[in-house]
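Notes for the one structure printed next.
There are 2 protein chains.
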Amino acid sequence: MAVRRNTWQREAVREALERSEGFISAQALHTELHRTGSPIGLATVYRALADLSTEGEADSLQSPEGEAIYRSCATMDHHHHLICRQCGTTAEIEATEVEAWASRVAAEHGFTEARHVVDIFGLCADCTAAAARA
Amino acid sequence: MAVRRNTWQREAVREALERSEGFISAQALHTELHRTGSPIGLATVYRALADLSTEGEADSLQSPEGEAIYRSCATMDHHHHLICRQCGTTAEIEATEVEAWASRVAAEHGFTEARHVVDIFGLCADCTAAAARA
DNA sequence: GCCGTGTTGAGAATGGTTATCATTACTGAT
DNA sequence: ATCAGTAATGATAACCATTCTCAACACGGC
Ligand SMILES: [Mn+2]
Ligand SMILES: [Mn+2]
Ligand SMILES: [Zn+2]
Ligand SMILES: [Zn+2]
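See below:
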C-alpha cells in the first residue's frame, strides 16, 4: 500500500521553496505560487511545508513576529541562520563555538536532551544601503 | 508632563509575572490574575507585558508553538535562557562568547542592527530524573 | 478502466494578538 | 481640593496565521 502519493502540488511547493531566496512564510509562498500561475490551495502549501520540515528537507523557525518561516535546506547538517528581516535573505552559518557552549551550559545545569535555538536577525548589506539612502 | 501614568493594573501584571515560576503567556497570566481576584482586562495584560518587555523588565520569546511567552527578568542585563520543556523551569544564562560570535558573524556578512535569538530547551535535572524512573 | 483511499482545497473554525473607541482615572496645575 | 487635559483601560470587534472539515478529486495498484 502506498503511504504517500505523488502530486504536482508537493513538487510545486518544493520547487518554489528552492527557488525563493531566504526564509519565507507559507502565505508568502502561496502568493508566489499563484503569481506564477499555480492554482494550489493555501492549506496544501501549509501541509507540504510541514511535511518537508518533518522530513528534514526544509528548515523552519519562528520569526520574531511569531510567523512560521521555511527555507529549503542546502545541507542536512546541523546549522544556524543569519536572516535579513527586511528582504528575508539568509546565510547558513556554522557555529562550532556555540555548539560547544550550548552543551557545556546545559550540562552545567543538569539539563539533558538539550536543543538550542540560535539565529541572528539583522539587515543585510543591500537593505542597509537602501535604508541609508532613504 | 507625565509620559507614563501609574495604575494598579501595571503593578498587578508586574507582580503576577514575578510570582510565576517560568515563562508564561499573556493569556495564562490574565487567567491567573482573574483567579486571584483581579478584574484586569486582557488587552491591558498584553499592553503591560509589551511595555515590561520594551523596558527590559521582562524577557519575551516565541515558544516553539508560536505563542509569545514572558518572564520577569532577574537582571536587566542582556542574557539568555535555559528552559525545561517539561516543567518550564528557566535559568538565566550568560553567553559572553556567543555575544562576540554573533556580532562577528553579522559583521562578516555585512549585516547591521543584528539581534540574536539564543535559547536552549532541554530537560532539567528533576525532569530528567523523573523520566529515568518511568 | 476500476476501485480504494490518500490528497486536495474552499471555506469555516480556531486561537493568539491587536485595534477601536467610549469611558475612566492619573497628574500637574490652579 | 478641584479642574482640565489626556493617557490608560477594557469590552468588543477586527485581524491574521494556522488548522479543521468534508465533499470532490486523482494517484496507483490491480
Ligand atoms: Mn547548533
Ligand atoms: Mn546575547
Ligand atoms: Zn535584506
Ligand atoms: Zn523540568
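Heads up: the sequence lines are chains C and V, in that order.
Note that numbering that gives the first Met the number 0 has the first sequence beginning at 0, numbered continuously upward.
Note that numbering that gives the first Met the number 0 has the second sequence beginning at 0, numbered continuously upward.
Idealized CB from N, CA, C, for every residue including glycine.
C:P38 versus C:I68: straight-line alpha-carbon distance, rounded:
On the first sequence, residue 38 of chain C is found 39 positions in, with the first residue counted as 1. On the first sequence, residue 68 of chain C is found 69 positions in, with the first residue counted as 1. If you take the alpha carbons of C:P38 and C:I68, they lie about 21 Å apart.
Is the beta carbon of C:D118 within less than 6 Å of some heavy atom of ligand 3?
Residue 118 of chain C sits at position 119 when you count from the first residue of the first sequence. Flag unset: Cβ of C:D118 not near ligand 3.
Can you give the Cα-Cα distance for V:G55 and C:G65, rounded to whole angstroms?
The residue given as residue 55 of chain V occupies position 56 in the second sequence. The residue given as residue 65 of chain C occupies position 66 in the first sequence. Distance between the alpha carbons of V:G55 and C:G65 is about 19 Å.
Can you tell me whether V:C83 is helix, strand or coil according to DSSP?
Position 84 of the second sequence holds residue 83 of chain V. If DSSP states are grouped into helix, strand and coil, V:C83 belongs with the strands.
Could you compute how far the alpha carbon of C:C83 sits from the alpha carbon of C:F22?
The residue labelled residue 83 of chain C in the question sits at position 84 within the first sequence. The residue labelled residue 22 of chain C in the question sits at position 23 within the first sequence. One C-alpha to the other measures close to 9 Å.
The beta strand (DSSP E) that contains V:A133, what's its start and end?
Position 134 of the second sequence holds residue 133 of chain V. Counting along the chain, V:A133 sits inside no beta strand (DSSP E), nor does DSSP assign it H or E at all.
First and last residue of the uninterrupted alpha helix (DSSP H) at C:R13
Reading the first sequence from its first residue, position 14 is the one you call residue 13 of chain C. Here the alpha helix (DSSP H) through C:R13 covers W7 to R18.
Please look up how many angstroms separate the CB atoms of C:Q139 and C:T43, rounded, as I've assumed it's under 8 Å.
No statement about residue 139 of chain C is possible, as the shown extent of chain C runs from 0 to 133 and does not include it.
Which residues does DSSP pair with C:Y69 in a beta bridge?
Counted from its first residue, the first sequence places residue 69 of chain C at position 70. C:I23 and C:S59.
So which of C:G36, C:D125 and C:E91 has the shortest CA-CA distance to C:A57?
Translated into positions along the first sequence, residue 57 of chain C becomes position 58. Nearest of C:G36, C:D125 and C:E91 to C:A57, Cα basis: C:E91.
Should C:A47 be labelled buried (16 or more other beta-carbon atoms within 10 Å of its own) or exposed?
Translated into the one-based positions of the first sequence, residue 47 of chain C becomes position 48. Its Cβ being crowded by 16 or more others within 10 Å, C:A47 is buried.
Can a CB atom of chain V be found closer than 7 Å to the CB of C:D118?
For this step, residue 118 of chain C is matched to residue 119 along the first sequence. Yes, C:D118 counts as interfacial toward chain V.
Find the nearest neighbour of V:G121 within the set C:C123, C:R132, C:A106 and C:D76, judged by alpha-carbon distance.
For this step, residue 121 of chain V is matched to residue 122 along the second sequence. For the residues C:C123, C:R132, C:A106 and C:D76, the minimum Cα distance to V:G121 belongs to C:A106.
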